[in-house]
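Only one structure is covered here, and it is reproduced in the block below.
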Amino acid sequence: MSDWSESTQQARGWFETLRDQICAEFEAIEREAGSDASFEYTQWDRDTDDGSEGGGGVQGLMKGKVFEKVGVNVSTVAGTFSEKFADQVNGASAEHPEFTATGISLVAHMANPHVPAVHMNTRFLTTQAAWFGGGGDLNPPIPYEDDTQDFHARFRAACAAHNPTYYDRFKKWADDYFYIPHRGVHRGVGGIFYDHLECEDDESFTRNFAFTQDVGKAFLDIYPQLVRRRMGSDFTPEDKATQLEWRGRYAEFNLVYDRGTLFGLKTGGNIDAILMSLPPEATWS
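The sequence shown maps to residues 636 to 920 in our numbering.
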């Protein structure tokens, strides 16, 4: 990937650093719970039709006592969109289908139903345009108002450090995006979601990259606090049943509506890494 843009490689370096920090913190939580679970890493390479270098990624997966299933993936890929898909992507077209994409994607499904599940993703893409996107959202089977408030407060602070309009805009975007129309419910209690923070020059790249880094740092700060707060809670069979039913809703959203799932499948990504967001168990009534 030596011929890919310096900006893509700079973003990739941060996403890999953030992954290492998150995985170390999650493994520390497992140690605190008396578990020796650790992440297993699987490298994959993206095939291209013309034999050009398509990049790839590393899937990190852990199944432990606290984290029933957590995936932390980093990928950096390049290629060309199909003619039909190119017209759906910012800055791409049938005449200019080339793209690069690098990002980190995380989903944690927890053993204890009182511990909220979570999703976090940040990314940098280039076509004829270049932009950052991402966010984080909390998905508790059994919501607690203080967890919700603390999660939002941490992301509000991250947004406020960069733009006073970001939190309200990106919270609404998350509320609108993480919604299951056929159920008439939201996927969780929200967070922030943003896309198309355009990088038209070095200054805007630096500004938007700094914000994206702070989104990752906010997640790393607040989510382990919530896990530690709830992971020792007692739970009943009814609580577990509530969790499994809620996980079914989560799976429905990711398979039917999630843009990241679609992007990965449309660009020849690793199937196991793309679908790592699915819960280990779920029920439908």
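Cβ coordinates follow ideal geometry from the N, Cα and C atoms, glycine included.
Since the structure is predicted, the reported quantities are computational estimates derived from the model, not experimental observations.
Between L773 and T757 the beta-carbon gap is near 16 Å, outside 8 Å, which marks them as no contact. Only residues of its own chain outside the window of five on either side were considered, and among them V742, D772 have a CB closer than 6 Å to the CB of H754, listed in chain order. When rounded, the separation of the alpha-carbon atoms in G851 and F716 is 28 Å. Annotated three-state conformation of D810 is helix, per DSSP. Among the bridge pairs identified by DSSP, R758 is matched with G738, G768. Under the three-pair Cβ rule at 8 Å, the segment 644-656 does not count as touching the segment 664-672. In the three-state scheme derived from DSSP, where H, G and I count as helix and E and B as strand, Q723 is classed as coil.
For Q678, the uninterrupted beta strand (DSSP E) segment begins and ends at 675-680. Excluding the 5 residues flanking it on each side, S673 has same chain C-beta neighbours closer than 6 Å at E662, in chain order. Judged by DSSP secondary structure, N708 falls within the beta strand (DSSP E) whose first and last residues are 702-715. In the three-state DSSP reduction, A793 falls in the helix class (H, G or I).
In the three-state reduction of the DSSP assignment, H821 falls in the strand class. Here the C-alpha atom of E873 lies approximately 11 Å from the C-alpha atom of E880. Assignment of Y829 by DSSP, reduced to helix, strand and coil, places it in the strand class. Residue pairing for A743: DSSP places it in a beta bridge opposite V705, V753.
In the same chain as P748, and ignoring 5 residues on each side of it, the C-beta atoms closer than 8 Å to its own belong to P776, I777, F870, D874, K875, T877, Q878, in chain order.
Spatial neighbours of A908 in its own chain (CB-CB distance under 6 Å, excluding positions within 5 residues in sequence) are listed in chain order as Q694, N708. Around the beta carbon of I739, 16 or more other beta carbons sit within 10 angstroms, so the residue counts as buried. Between the alpha carbons of C794 and F828 lies a distance of about 11 Å. Only residues of its own chain outside the window of five on either side were considered, and among them F813, I815, R822 have a CB closer than 8 Å to the CB of F888, listed in chain order. About 4 Å separates the beta carbon of T735 from that of A713, a gap short enough to meet the 8 Å contact definition.
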